[in-house]
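A short worksheet on the structure shown next.
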């Protein structure tokens with residue numbers, strides 16, 4: 001395939017509306033919803049809108065080798081590219097590349113920033129054409145279904161009818177499940193990792209704490225902070241700190257930090273960061289603020305809270321996958337208490353009830369929810385094995 | 001014993017320095033550290049200072065029947081009395097009373113507000129005699145050891161040499177362990193519940209999030225908010241919301257709220273409280289602010305973070321209890337992930353290594369850490385049984 005349908009790959013200039021460094025976005029962009037706007041689950045419409053994405057590898061002549069990588073809450077489309085703000089390698093650089101788990105010598109890998117995001121895809125920090133000012137809270141509330149619809153339009157734009165595979169962890173896994181449920185005919189294989197078919201009460205609660213932290217910051221200004229040339233940095237940092245604890249496990253925190261003191265011999269008897277774990281958390285909060293938009297955080301957490309494949313299927317999760325031909329590999333991690341194995345097992349049970357082709361692996365690790373982003377050899381070999389065998393089956397099907 | 005050493009029981013007038021309704025404190029007060037100030041672990045001194053406390057039942061002629069009830073982070077001395085601000089019954093009203101687990105027909109029960117608290121005992125919201133203004137961050141950082149020293153002075157003041165029993169959950173349990181370690185000769189029996197001999201990295205992390213939420217609120221004003229006639233309400237509410245999630249279990253949240261919507265038939269597609277769990281959390285945050293001081297929250301969480309009976313005993317927890325004659329009953333709850341059974345078991349192992357008299361019970365419940373405050377019949381019968389048998393032994397010892 002020629003990629004002539006795509007715009008050039010401009011390293012776009014910092015966006016003055018962003019008020020800070022988070023605006024520096026590079027990569028490919030597609031303008032979608034031009035002929036007809038996207039109808040959202042809320043009933044609102046959105047369009048035209050931009051989707052920012054990256055690709056790795058080459059689409060084969062049969063357009064059969066596309067892999068969609070779906071990112072998590074605070075992720076972005078720089079899955080295997082240097083992040084334009086932080087300068088860090090892609091968040092799945094270990095998995096995506098020549099000869100790697102998602103082998104770019106074999107697959108055409110697409111990763112797009114989700115709808116409502118802040119790294120190039122249209123979201124609350126972008127200009128509202130109706131007012132000429134940043135959307136802020138005038139941006140419509142979006143769902144995982146809306147994110148997946150936007151990804152579907154991106155595939156149309158790229159001329160890709162069927163995905164060989166959709167893969168992602170956490171909220172990325174929710175998108176994979178949504179793909180499998182809403183567009184099974186476009187999906188040969190699916191790898192939902194460390195995820196859930198609906199967000200739990202505890203996870204909604206943690207998200208609500210983060211949102212309240214942001215909205216409590218006077219610099220949030222009812223969501224219109226960009227208009228005011230400011231940003232709710234302190235509130236967003238607190239939201240990130242609270243969330244970050246949930247991404248780790250207690251044993252990992254103990255192993256990494258324990259009660260070790262930060263740059264001192266004895267307790268300081270003050271409210272400075274006495275302990276290394278405090279210093280680490282503060283750093284997590286302050287560095288996150290440099291790369292993420294607070295309103296995007298509100299919208300994306302809301303989309304996760306709203307995700308419920310039971311409710312969407314009249315209370316029956318197997319119905320979500322009725323008659324599916326997609327091959328599934330569900331992965332969970334033993335120390336993940338945010339999306340514990342029990343939640344992933346519910347997906348497996350529903351797939352079994354729907355007579356789907358599914359394998360399930362629980363990886364033994366102390367790294368918590370974040371394990372899907374880390375160097376976990378057993379995780380990598382599990383996904384690699386599944387992708388290889390699914391690819392063999394896919395080639396057989398294409399040839400037949 | 002006559003209680004003539006105590007001041008009258010004045011329903012004290014609201015304290016103008018408090019800036020809001022949290023100042024209404026009733027109950028008994030003792031002025032301590034008058035002859036010599038209290039030397040704190042930080043090296044600072046404090047005195048004279050006030051300890052607010054409540055008592056239930058009557059001290060026997062041998063002064064042998066005193067039970068010290070130690071409260072948790074956001075608790076107070078109204079263990080079995082109506083709270084003067086909220087009008088709610090005491091937090092351990094189910095346990096303390098005539099014929100109850102801690103039988104006031106038999107025992108003289110004392111519960112005092114901890115040092116650094118905000119319900120009558122001297123803390124950061126009180127006037128600093130050196131400046132004539134509220135302490136704020138000029139209040140010295142205190143430790144669990146300092147809290148226990150203040151309680152020891154209160155016992156001296158009440159003419160009580162030996163406690164029959166010290167009992168408490170969470171931070172209350174830390175005080176019980178500190179009593180057992182620092183003053184074993186004054187303690188016949190000890191019931192540490194849902195606690196730890198040192199605060200874990202994860203728990204320090206959660207506390208740090210709460211502190212950052214408070215300090216991020218511009219109304220905190222570097223801790224001098226009372227001077228400014230304001231309070232960091234939003235920050236304190238966020239801190240409480242984050243903490244509150246850790247007091248519950250995922251199954252309990254699921255059972256209580258699941259994904260049920262709040263006063264609506266369908267999703268609102270907004271950032272209002274769509275889900276009952278959101279509404280519940282917001283209520284927890286806003287009601288807490290009415291009864292608690294933000295700086296006290298900073299100081300008391302810090303005291304918990306600093307608690308480490310290993311470190312205090314050269315890295316050996318058994319040393320903390322060497323040669324102890326105190327009888328222990330350690331209690332944990334299966335679904336408590338804040339102070340999990342594993343942490344309580346470490347206390348039991350150390351007591352075993354110190355050849356102490358110890359029984360250990362893990363209570364099966366889905367109520368999480370908060371189970372020690374709730375109606376848990378097995379928990380109540382466990383404590384009741386231990387207290388009865390320890391009391392029989394105590395009476396034998398007194399007669400001998």
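Residue numbers (the UniProt record's numbering), protein chains in the order written: chain A, 1 to 400; chain B, 1 to 400.
Just so you know, even glycine gets a beta-carbon here, dropped at the ideal spot from N, CA and C.
Span separating the alpha-carbon of residue i from that of residue j
i: residue 92 (chain A); j: residue 79 (chain A); result: 5 Å
i: residue 387 (chain B); j: residue 191 (chain B); result: 9 Å
i: residue 14 (chain A); j: residue 128 (chain A); result: The predicted model places residue 14 (chain A) with a pLDDT of 34, which falls under 50 and marks its position as unreliable, so this point remains unresolved.
i: residue 253 (chain B); j: residue 161 (chain A); result: 42 Å
i: residue 227 (chain A); j: residue 27 (chain B); result: 52 Å
i: residue 276 (chain A); j: residue 287 (chain A); result: 16 Å
i: residue 85 (chain A); j: residue 76 (chain A); result: 12 Å
i: residue 22 (chain A); j: residue 94 (chain B); result: Any reading at residue 22 (chain A) must be qualified, since the residue scores a pLDDT of 36, below 50, and its modelled position is unreliable; the value itself is stated next. In a straight line, the C-alpha of residue 22 (chain A) is about 53 Å away from that of residue 94 (chain B).
i: residue 69 (chain B); j: residue 377 (chain B); result: 19 Å
i: residue 34 (chain B); j: residue 156 (chain B); result: 13 Å
i: residue 199 (chain B); j: residue 368 (chain A); result: 20 Å
i: residue 289 (chain B); j: residue 235 (chain B); result: 9 Å
i: residue 74 (chain B); j: residue 117 (chain B); result: 9 Å
i: residue 313 (chain A); j: residue 337 (chain A); result: 26 Å
i: residue 364 (chain A); j: residue 334 (chain A); result: 5 Å
i: residue 250 (chain B); j: residue 395 (chain B); result: 44 Å
i: residue 311 (chain A); j: residue 213 (chain A); result: 29 Å
i: residue 274 (chain A); j: residue 325 (chain A); result: 55 Å
Closer than 9 Å at the beta carbon, the chain B residues around residue i
i: residue 371 (chain A); result: Ordered by position in chain B, no residue passes the 9 Å Cβ test against residue 371 (chain A), which lies about 16 Å from the chain.
i: residue 362 (chain A); result: Result: empty, since nearest Cβ-Cβ is about 18 Å, beyond 9 Å.
Proximal chain B residues relative to residue i, where beta-carbon distance stays under 8 Å
i: residue 254 (chain A); result: 200, 201, 202
i: residue 90 (chain A); result: Chain B residues near residue 90 (chain A): none, gap ~27 Å exceeds 8 Å.
i: residue 359 (chain A); result: Result: empty, since nearest Cβ-Cβ is about 26 Å, beyond 8 Å.
i: residue 270 (chain A); result: 141
Which listed residue (the options) has its alpha carbon closest to that of residue i
i: residue 45 (chain B); options: B:204, B:149, B:214; result: B:149
i: residue 233 (chain B); options: B:279, B:111, B:284; result: B:284
i: residue 256 (chain B); options: B:142, B:366, B:186, B:38; result: B:366
i: residue 215 (chain B); options: B:239, B:58, B:198; result: B:239
i: residue 294 (chain A); options: A:210, A:164, A:160; result: A:210
i: residue 373 (chain B); options: B:318, B:332, B:389, B:156; result: B:332
i: residue 206 (chain A); options: A:166, A:339, A:39; result: A:339
i: residue 154 (chain B); options: B:111, B:196, B:174; result: B:111
i: residue 53 (chain B); options: B:37, B:39, B:32; result: B:32
i: residue 170 (chain A); options: A:159, A:246, A:212; result: A:246
i: residue 202 (chain A); options: A:50, A:175, A:305; result: A:305
i: residue 282 (chain B); options: B:66, B:268, B:243, B:264; result: B:243
i: residue 62 (chain B); options: B:56, B:55, B:219, B:108; result: B:108
i: residue 135 (chain B); options: B:225, B:152, B:204, B:371; result: B:225
Contacts that residue i makes with chain B (C-beta to C-beta distance below 7 Å)
i: residue 267 (chain A); result: 306
i: residue 213 (chain A); result: 213, 238
i: residue 289 (chain A); result: Under the 7 Å cutoff, chain B gives no residues; its nearest Cβ is about 11 Å from residue 289 (chain A).
Residue i: first and last residue of the uninterrupted beta strand (DSSP E) it sits in
i: residue 106 (chain A); result: No beta strand (DSSP E) holds residue 106 (chain A); DSSP gives it neither H nor E.
i: residue 30 (chain A); result: 28 to 32
i: residue 54 (chain A); result: 49 to 56
i: residue 68 (chain A); result: 66 to 70
i: residue 359 (chain B); result: 357 to 363
N- and C-terminal bounds of the alpha helix (DSSP H) containing residue i
i: residue 301 (chain A); result: 294 to 306
i: residue 206 (chain A); result: 201 to 216
i: residue 384 (chain A); result: 377 to 399
i: residue 238 (chain B); result: 233 to 247
i: residue 250 (chain B); result: 250 to 256
Closer than 7 Å at the beta carbon, the chain A residues around residue i
i: residue 258 (chain B); result: 201
i: residue 300 (chain B); result: Under the 7 Å cutoff, chain A gives no residues; its nearest Cβ is about 12 Å from residue 300 (chain B).
i: residue 160 (chain B); result: Those within 7 Å of residue 160 (chain B) in chain A number zero; the least Cβ separation is about 30 Å.
i: residue 185 (chain B); result: None at all; the shortest Cβ gap to chain A is about 27 Å.
i: residue 42 (chain B); result: 269
Residues that residue i contacts on chain A, provided the C-beta gap is smaller than 9 Å
i: residue 294 (chain B); result: Residues of chain A passing the Cβ test: none, with the nearest at roughly 12 Å.
Chain-ordered chain A contacts of residue i [CB-CB under 8 Å]
i: residue 218 (chain B); result: 218
i: residue 209 (chain B); result: 238, 241, 242, 245, 281
- Completely contained alpha helix (DSSP H) runs for the segment 132 to 195 of chain A, where each covers 4 or more residues: The qualifying runs are 144 to 158, 171 to 182.
- If you scan the segment 259 to 346 of chain A from start to end, which runs of the alpha helix (DSSP H) of 4 or more residues do you find wholly inside it? If we require 4 residues or more, the alpha helix (DSSP H) runs fully inside the segment 259 to 346 of chain A come out as 276 to 291, 294 to 306, 317 to 320.
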